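> What follows is a single structure, and I will ask about it in a moment.
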């Protein structure tokens with residue numbers, strides 16, 4: 001399912017593309033497609049940039065969980081992402 005511009009708004013200050021659809025309890029945008037829950041930022045990244053490398057998470061450089069702007073997303077190895085960008089008590093769910 002392609003994500004179109006009516007699914008987000010652009011923040012004129014931060015240039016974040018803020019997801020306007022459903023949110024998961026962890027604060028990330030998500031949607032249903034063919035009976036499966038999809039992460040909005042991952043789906044749009046793959047739509048516009050390409051596949052996310054195996055074993056990688058997308059780090060939000062802007063630190064805005066609702067942002068789906070691929071320019072604000074950086075693939076990082078899963079273990080590095082957990083260690084560098086999240087508190088020990090916070091589970092990485094994207």
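In the working numbering, the protein residues as written are 1 to 94. For glycine and all other residues, C-beta sits at the position ideal for the given N, C-alpha and C. Predicted model only: the values in this text are computed from it and were never measured.
Could you tell me whether any non-hydrogen atom of the ligand ATP is closer than 7 Å to the CB of residue 7?
You won't find the ligand ATP in this model; it holds no ligand whatsoever.
> Please classify residue 28: does DSSP put it in a helix, a strand, or coil?
Three-state DSSP puts residue 28 in coil, outside helix and strand.
> For residue 41, report the span of its beta strand (DSSP E) as first-last.
That residue, residue 41, is in no beta strand (DSSP E); its alpha helix (DSSP H) goes 40-48.
> Rounded to whole angstroms, what is the Cα-Cα separation between residue 78 and residue 56?
Going from the Cα of residue 78 to the Cα of residue 56 covers about 5 Å.
> Report the residue from 26, 40, 27, 14 whose alpha carbon sits nearest the alpha carbon of residue 4.
Taking only the C-alpha atoms, the option nearest residue 4 is 40.
> Would you kindly report the start and end of the unbroken beta strand (DSSP E) that includes residue 60?
Per DSSP, residue 60 belongs to the beta strand (DSSP E) from 56-60.
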